[in-house]
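Each residue of the sequence shown is one higher than the one before, starting from 31 at the first, in the numbering used here. Even glycine gets a Cβ: it sits at the ideal position worked out from N, Cα and C. Structure record follows, encoded as structure tokens.
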Amino acid sequence: MKQLQETVNYLKNEGVNDPAIGIVLGTGLGGLVSEIEIIKSIDYDKIPNFPVSTVESHHGKLIYGTIRGKKVLVMQGRFHYYEGYNMKEITFPIRVMKLLGVQNLLISNAAGAINLAYKKSSLMMLTDHINLYPDNPLIGKNWDDFGPRFPDMSEPYSLKLNNLLRDISVKQNIQLHEGVYVPVMGPNLETKAEYKMIRLLGGDAVGMSTVPEVIVARHMNLPCCAISVLTDECDPEHLEPVAIEDILAAAAIAEPQLTTLYTELIARL
Ligand code: HPA
Numbered sequence: 031m032k033q034l035q036e037t038v039n040y041l042k043n044e045g046v047n048d049p050a051i052g053i054v055l056g057t058g059l060g061g062l063v064s065e066i067e068i069i070k071s072i073d074y075d076k077i078p079n080f081p082v083s084t085v086e087s088h089h090g091k092l093i094y095g096t097i098r099g100k101k102v103l104v105m106q107g108r109f110h111y112y113e114g115y116n117m118k119e120i121t122f123p124i125r126v127m128k129l130l131g132v133q134n135l136l137i138s139n140a141a142g143a144i145n146l147a148y149k150k151s152s153l154m155m156l157t158d159h160i161n162l163y164p165d166n167p168l169i170g171k172n173w174d175d176f177g178p179r180f181p182d183m184s185e186p187y188s189l190k191l192n193n194l195l196r197d198i199s200v201k202q203n204i205q206l207h208e209g210v211y212v213p214v215m216g217p218n219l220e221t222k223a224e225y226k227m228i229r230l231l232g233g234d235a236v237g238m239s240t241v242p243e244v245i246v247a248r249h250m251n252l253p254c255c256a257i258s259v260l261t262d263e264c265d266p267e268h269l270e271p272v273a274i275e276d277i278l279a280a281a282a283i284a285e286p287q288l289t290t291l292y293t294e295l296i297a298r299l
């Protein structure tokens with residue numbers, strides 16, 4: 031808590047003032063940044079107590095500014111379990127966002143399509159998840175000031191935000207699938223047998239992020255939504271090798287649509 035206060039004070043001193051909307055941008059999904067009227071951009075390594083992102087495809091900047099007149103605080107690049115961070119480090123920025131006054135959290139990620147009706151470079155809005163991480167950010171003594179010991183998970187993704195996204199997708203003529211996201215530890219991609227298992231479990235997409243942030247957001251009763259950019263088709267019967275370059279290229283194709291959905295959503299919040 032002392033570290034959190036130190037970080038919050040630092041950011042306030044840097045001019046981060048009452049952001050209303052927090053945004054987490056995933057792998058290859060930095061395009062929303064061009065929509066921001068930037069007031070302040072701070073490298074993660076300048077921010078006290080912030081972990082430093084080590085993945086090359088992530089920039090690692092906290093950007094404060096406005097989109098459509100709304101104050102936003104954007105994480106350009108996130109922290110992953112496979113990088114060696116623990117769950118508390120991964121979710122530290124989400125706690126910071128809440129303490130700074132953020133009222134809605136918009137998340138994005140790159141994920142593999144388990145539901146084979148969902149094609150590469152399309153978008154999927156998360157309606158639920160199945161947490162396959164071997165760890166949880168809420169383990170340990172509960173922070174009663176933030177939320178309860180046993181947070182409810184009946185609505186991990188805000189129905190209100192998801193209804194808005196659905197409406198925007200129709201108006202903007204953007205195909206927006208819906209489904210269950212399954213996070214795994216990574217960093218390797220999955221075997222054919224693992225893809226089969228994830229499908230059997232009820233997953234529509236598989237990735238390596240997002241759920242720690244969502245769990246911590248729900249702990250603090252912070253409404254959130256998340257969209258996956260589907261970067262590869264996880265068809266166990268016809269599995270082809272996937273390289274990170276392929277994933278980034280597929281993300282780049284879908285990214286403008288993600289940017290439109292979130293920009294319009296922000297305008298309506
Ligand atoms: N598996 C896990 N994470 C991913 C994948 C995948 O197939 N594609 C993009 N992120």
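- Task: Give the DSSP-derived three-state secondary structure of Ile97 in the structure shown.
- Result: DSSP places Ile97 in strand when its eight states are reduced to three.
- Task: Starting from Leu153, follow its DSSP beta bridges and name the residues at the other end.
- Result: BP columns for Leu153 point to Leu206, Val259.
- Cβ neighbours of Ser151 in the same chain (closer than 6 Å, five flanking residues each side left out): Hits under 6 Å: Ala280, Ile283, Ala284.
- Task: Tell me whether Gly61 is buried or exposed, calling it buried when 16 or more other Cβ atoms sit within 10 Å of its Cβ.
- Result: Note on Gly61: 16 or more other CB atoms within 10 angstroms of its CB, so buried under the neighbour-count rule.
- Message: Out of Glu44, Met127, Glu267, Pro178, which one is the CA nearest neighbour of Leu34?
- Response: If we check each option's Cα against that of Leu34, Met127 comes out closest.
- Message: Tell me which residues share the same chain as Ser87 and place their Cβ nearer than 8 Å to its Cβ, disregarding the 5 neighbours each side in the sequence.
- Response: Residue placement at Ser87 cannot be trusted, given a pLDDT of 49 that sits under 50; what the coordinates show is reported in the next sentence. For Ser87, the CB contacts under 8 Å within the same chain, skipping 5 residues up- and downstream, are Thr57, Gly58, Ile274, Leu278 in chain order.
- Task: Put Ile51 into one of helix, strand or coil per three-state DSSP.
- Result: In this structure, Ile51 counts as strand in the three-state DSSP scheme.
- Determine, using beta carbons only, whether Tyr187 and Ala256 come nearer to each other than 9 Å. Closer than 9 Å, so yes.
- Task: Would you please state the rounded distance, in angstroms, between the beta carbons of Gln194 and Leu129? I believe it to be under 8 Å.
- Result: The displayed chain sequence assigns Leu, not Gln, to residue 194. Actually they do not touch by this definition, with Cβ atoms about 25 Å apart.
- Task: Taking Asn139 as part of the alpha helix (DSSP H), name the residues at either end of that continuous run.
- Result: Looking at the DSSP string, Asn139 is not in any alpha helix (DSSP H); the run it does join, the beta strand (DSSP E), is 134-143.
- Query: CA-CA distance, Tyr292 and Ile144?
  - Reply: Approximately 24 Å between the Cα atoms of the pair.
- Item | Helix, strand or coil at Pro213 according to DSSP, with G and I counted as helix | In the structure shown, Pro213 falls within a strand segment according to DSSP collapsed to helix, strand and coil.
- Just the residues with CB closer than 7 Å to a heavy atom of the ligand HPA, in chain order, which are they? Qualifying residues, in the order they occur: Ala140, Ala141, Gly142, Val214, Gly216, Leu219, Glu220, Val236, Gly237, Met238, Thr261, Asp262, Cys264, Val272, Ile277.
- Task: Could you tell me which of Leu260, Asn161, Gly237, Arg179 sits nearest to His207, measuring between CA atoms?
- Result: The residue among Leu260, Asn161, Gly237, Arg179 with its C-alpha nearest the C-alpha of His207 is Leu260.
- Query: Does the Cβ of Asn218 have 16 or more other Cβ atoms within 10 Å, making it buried, or fewer, making it exposed?
  - Reply: Asn218 comes out exposed.
- Message: Between Gly237, Lys201, Thr221, Asp182, which has its C-alpha nearest Gly209's C-alpha?
- Response: Of Gly237, Lys201, Thr221, Asp182, the residue nearest in Cα terms is Gly237.
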